[in-house]
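If you count the sequence shown from 1, you need to add 229 to reach the numbering used here.
Built from N, CA and C at the ideal position, the CB exists for glycine as well.
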Amino acid sequence: MANIILIGASGFVGSAILNEALSRGHQVKAIVRHPEKVTVKNDQLEVVAADVQNSAALTDIIKGADAVISSYNPGWANPDIYNDTLNGYKSIIAAVKNAGVPRLLVVGGAGSLFVKPGVTVIDTGVLPEAIMPGVKGLAEVYHNQLKAEASLDWAFFSPAGNIAPGQRTANYRLGKDDLIVDAKGESNISVEDYAVAMINELETPAHHRTRFTIGY
Numbered sequence: 230m231a232n233i234i235l236i237g238a239s240g241f242v243g244s245a246i247l248n249e250a251l252s253r254g255h256q257v258k259a260i261v262r263h264p265e266k267v268t269v270k271n272d273q274l275e276v277v278a279a280d281v282q283n284s285a286a287l288t289d290i291i292k293g294a295d296a297v298i299s300s301y302n303p304g305w306a307n308p309d310i311y312n313d314t315l316n317g318y319k320s321i322i323a324a325v326k327n328a329g330v331p332r333l334l335v336v337g338g339a340g341s342l343f344v345k346p347g348v349t350v351i352d353t354g355v356l357p358e359a360i361m362p363g364v365k366g367l368a369e370v371y372h373n374q375l376k377a378e379a380s381l382d383w384a385f386f387s388p389a390g391n392i393a394p395g396q397r398t399a400n401y402r403l404g405k406d407d408l409i410v411d412a413k414g415e416s417n418i419s420v421e422d423y424a425v426a427m428i429n430e431l432e433t434p435a436h437h438r439t440r441f442t443i444g445y
């Protein structure tokens, strides 16, 4: 069983990943801003309050882990979500490297996926303006921070266009840079199945220094 650091374990995606990891017997150290929001009780779980933008403190916390899974999101209502996303991931990446943790798995966004050659989801204009700073922040993390990392073993896991509560079916498709759509042209995944695929990637690494995606 792996010794996992999970950043953002109290969030929508992070909590699903936490439940999936614990159900498979992994040891999880959950790093959150507000520990009281993690209501799960499990002998394999340790909850730690930390500011991910304090890279030195984060380095000390994550030393000795087998992998870091980051579902970091500074909050969709945060007026400075764009800059906080960039600064948060700059700190996380530095901490993972300085701590000598061999693997970083990032909960990515769908905005930078392609819907046709040269056209991303962001380019289509279908995304609400209110979430664009956060979406663009994650896209920048992928393009300008992670892709520049030649030594760190990272993966950026983009969800489908719509990720929502649903069923844990473990029946999905994986892709790389293109938005996965069904026969109706819709792009969907349950947060439970996203978590299944994330922990599968943790247990059996198949994507190295690249982005991949999921959908039905």
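Rounded to the nearest whole angstrom, the C-alpha separation of Val420 and Pro388 is 9 Å. Here the alpha carbon of Ala424 sits roughly 21 Å from the alpha carbon of Gly363. For Leu342, the three-state secondary structure derived from DSSP is coil. Residue burial annotation: His372 is exposed, with fewer than 16 other C-beta atoms found within 10 angstroms of its C-beta. In this structure, Ser300 lies near Ile246, with their beta-carbon atoms less than 8 Å apart. If you look at Ile234, you'll find it in the beta strand (DSSP E) that goes 232-236. With fewer than three CB-CB distances shorter than 8 Å, the stretch 353-370 does not count as touching the stretch 397-416. Apart from the 5 residues on each side of it in sequence, Val267 sits with its Cβ closer than 7 Å to the Cβ of Ala238, Ser239, Ala259, Val261, Val276 in its chain, given in chain order. Of the residues assessed, Pro303 falls on the buried side of the cut-off, its CB having 16 or more other CB atoms within 10 angstroms. Looking from the CA of Asp382, the closest CA among His255, Val335, Met230, Gln273 belongs to Val335. DSSP places Val348 in the strand class (E or B) of the three-state scheme. Residues of the same chain with a CB within less than 8 Å of the CB of Thr439, apart from the 5 flanking positions on each side, are Ala384, Phe385, Lys405 in chain order. Counting every other CB atom within 10 Å of its CB across the protein chains shown gives His263 a total below 16, marking it as exposed. Beyond the five residues adjoining it in sequence on each side, Ser320 comes within less than 6 Å, by CB distance, of Val281, Gln282, Ser284 in the same chain, given in chain order.
In the DSSP assignment, Gly404 falls within the unbroken beta strand (DSSP E) covering 402-404.
Distance from the CA of Pro308 to the CA of Asn316, rounded to the nearest whole angstrom, comes to 14 Å. Contact check for Ile428 against Glu249 passes: the beta carbons are separated by less than 8 Å.
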